[in-house]
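Right, here's the structure in full:
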């Protein structure tokens, strides 16, 4: 079901944890859908020098969080904002179709953290135009497996 | 070889060697069509009859009340649609529960599209229906009550005898999906007042793809599979002889030593439940504490998600299942866990471990040893855990 890369990032997730005195914190998803991602960024100048995450969710939610943190660490804020869910999924050698929403969540978590940072510092990023961190994510397109009979 | 512990007996069971041995000749040596007049056919007709009679005895049913189907889901479809079609001129109201298997729930939803009214009874925190609510739901046009014997997810056993009595008092046909109960509970269809009952072989160490519908003599029901005259003209299609023979053998073995089987499962299940509750904080047992299937352990583990848990368990060779959305195949977590009043986040963290005849004490202890560190690891990753861990 999952690629080796997904299983690797799930079983050995990178950058798990919290950053004390983080410059930016963003949380997306909700318990109802079964995925919550929280991202912590340490920002110096316009560079993301450190990033950590905490995730409540399935295997692919944990793997996409891990991969997204790797992909933005050491990058500029602008580069991080250009991270797409597709790029995260590709870096993991793909996700099953029903799990693509997890990669969307990872992209949103990065954006939500930077959105909060921008708001606090009075900064403006054109990449965040139209972004709403509280938006309900239309991300469920599960299949219809049945069992037990 | 890496240690492997199978604790998903409610999903399916391995076939017993005796069952397989009994079936094998019927694939190639004794291959005749039971409907044929020649000896090849005749000997298979008697093999089918023998299995039917063995199974009937385990239920205190008549041999002419057992009708083989292609599995439990077909039996559910037949029981419900067959009665609905036969009695639709009398009434179009059906009563069921919110915790049924999808084979019953989706069939009822299909009937609703066809102009039937369906009442879905609530259950209490243990997954038990309330008899008063059942009585209150009965209307003059109620033609069918379909309530499962035992729940596949949380193991709760419904008060079948009381339901049977009410159905009889009101002259309403009573169907029960006993797929999970068969082989784990003694079932006397006459004593319990059951009119229709669905069973499946692969839950009792028999083959997949074979089930049956018990139809009490005199019950009005239409066929749903039309064709040849098999199964006394009620279910067409050449009999799956090897599977029927296997079903018969599995039923015989299941009821030969049922008390011993139940005792063994209950002992192991309690060891598992107690062991986990002792070692892991913030977990809850789902389902009824005592009126539950002997092999069923269903727990909610707070602050973590079920699929991640299953993947980690799989890595150490432990096979279980979960009611989380990510494994249920829908937007929401299991309808059963929602019906017993769990919040979404707690329902997502459910783990079902079901014990069977090949489970050992060593297996159970292995799970009690392996699960706590996995739970702790996932909790350390969970933003939901941050809030509580400070106080611990």
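Chains as they are written, first to last, in UniProt numbering: chain Y, 1 to 149; chain L, 1 to 392.
Ideal Cβ placement from N, Cα and C applies to all residues, glycine included.
Query                                                                                                                                                                                                          : Result
Take residue 152/L and list the residues in its own chain whose beta-carbon comes closer than 6 Å to its own, dropping the five residues that flank it on each side.                                           : 10, 101, 180
In chain L, which residues lie less than 9 Å from residue 27/Y when you measure between Cβ atoms?                                                                                                              : 383
Measuring CB atoms only, is the stretch 59 to 79 of chain L touching the stretch 95 to 115 of chain L, in the sense that at least three cross pairs come out at less than 8 Å?                                 : yes
Give me the Cβ distance between residue 115/Y and residue 133/Y, rounded to the nearest whole Å; I'm assuming they're in contact under 8 Å.                                                                    : 5 Å
Looking at C-alpha atoms only, which residue of 194/L, 155/L, 135/L is the closest neighbour of residue 170/L?                                                                                                 : 135/L
Kindly list, in the order they appear in chain Y, the residues whose Cβ is closer than 7 Å to that of residue 345/L.                                                                                           : 31
If you count every other CB in all the chains shown that lies within 10 Å of the CB of residue 66/Y, and 16 or more means buried, which is it?                                                                 : buried
Should the stretch 208 to 221 of chain L be regarded as contacting the stretch 58 to 68 of chain L, the criterion being three or more beta carbon pairs within less than 8 Å?                                  : yes
When the Cβ atoms of the stretch 36 to 56 of chain Y are set against those of the stretch 12 to 23 of chain Y, are three or more pairs found closer than 8 Å?                                                  : yes
In or out: residue 358/L buried (at least 16 other Cβ within 10 Å) or exposed?                                                                                                                                 : exposed
Return the CA-CA distance between residue 142/Y and residue 32/Y, expressed in angstroms with no decimal places.                                                                                               : Only weak support is given to the placement of residue 142/Y: the predicted model assigns it a pLDDT of 41, under 50, and the value that follows is read from those uncertain coordinates. Answer to the nearest angstrom: the Cα atoms are 15 Å apart.
If we require 3 or more residues per run, which beta strand (DSSP E) segments fall completely within the stretch 78 to 105 of chain L?                                                                         : 93 to 97
Should residue 391/L go down as buried or exposed, given a rule of 16 or more other Cβ atoms within 10 Å for buried?                                                                                           : Interpretation of residue 391/L is limited by its pLDDT of 44, a score under 50 that renders its predicted location unreliable; no figure is taken from the coordinates.
Starting from the N-terminal side, write out each stretch of the beta strand (DSSP E) that is 3 residues or longer and does not extend beyond the stretch 110 to 159 of chain L.                               : 117 to 121, 142 to 146
Listing by chain order, which chain L residues have their CB less than 8 Å from the CB of residue 13/Y?                                                                                                        : 381
Kindly indicate which residue of 33/L, 184/L, 341/L has the alpha-carbon position closest to the one of residue 355/L.                                                                                         : 184/L
Go to residue 352/L, then tell me how far its beta strand (DSSP E) extends in each direction, as first and last residue.                                                                                       : 350 to 354
So the candidates are 161/L, 226/L, 236/L, 293/L; which of them puts its Cα closest to the Cα of residue 258/L?                                                                                                : 293/L
Checking contacts by CB at 8 Å: is residue 69/Y closer than that to chain L?                                                                                                                                   : no
Starting from the beta carbon of residue 324/L, find every residue of chain Y whose beta carbon is closer than 8 Å, and list them in chain order.                                                              : 34, 58
Residue 54/Y touches chain L at which residues, Cβ-Cβ below 8 Å?                                                                                                                                               : 381, 382, 383, 386
Using a Cβ-Cβ cutoff of less than 6 Å, which residues in the same chain neighbour residue 172/L once the five nearest sequence positions on both sides are dropped?                                            : 142, 145
State the DSSP-derived secondary structure class of residue 65/Y, mapped to helix, strand or coil.                                                                                                             : helix
I'd like to confirm something about residue 31/L: is its beta-carbon nearer than 7 Å to some heavy atom of the ligand FAD, or not?                                                                             : Ligands are entirely absent from the displayed structure, and the ligand FAD is therefore not among its contents.
Does the beta carbon of residue 154/L sit closer than 8 Å to a beta carbon anywhere in chain Y?                                                                                                                : no
Hey, how far is the Cα of residue 112/L from the Cα of residue 275/L?                                                                                                                                          : 45 Å
With three or more C-beta pairs closer than 8 Å as the rule, is the stretch 235 to 252 of chain L touching the stretch 17 to 26 of chain L?                                                                    : yes
Might you give, ordered along the chain, the residues of its own chain that have their beta carbon closer than 7 Å to the beta carbon of residue 8/L, omitting 5 neighbours on each side?                      : 319, 320, 321, 354
Who are the neighbours of residue 38/Y on chain L, taking C-beta pairs under 7 Å?                                                                                                                              : 383
When the cut-off is 8 Å and only beta carbons count, does residue 284/L lie next to chain Y?                                                                                                                   : no
Using a C-beta to C-beta distance shorter than 8 Å, which residues of chain Y count as neighbours of residue 373/L?                                                                                            : Correct list: empty, because the minimum Cβ distance to chain Y is about 13 Å.
Using three-state DSSP, classify residue 27/Y as helix, strand or coil.                                                                                                                                        : strand
Could you tell me which uninterrupted alpha helix (DSSP H) segments, each at least 4 residues in length, are contained entirely in the stretch 39 to 70 of chain L, listed from first to last along the chain? : 39 to 59
Looking at chain L, is there any beta carbon in it that lies within less than 8 Å of the beta carbon of residue 88/Y?                                                                                          : no
Counting Cβ pairs, one atom from each stretch, are 3 or more of them under 8 Å apart for the stretch 361 to 372 of chain L and the stretch 254 to 273 of chain L?                                              : yes
With 9 Å as the limit, tell me which residues of the stretch 299 to 317 of chain L have their beta carbon closer than that to any beta carbon of chain A; keep them in chain order.                            : Considering every chain present, this structure includes no chain A. Its protein chains are Y and L.
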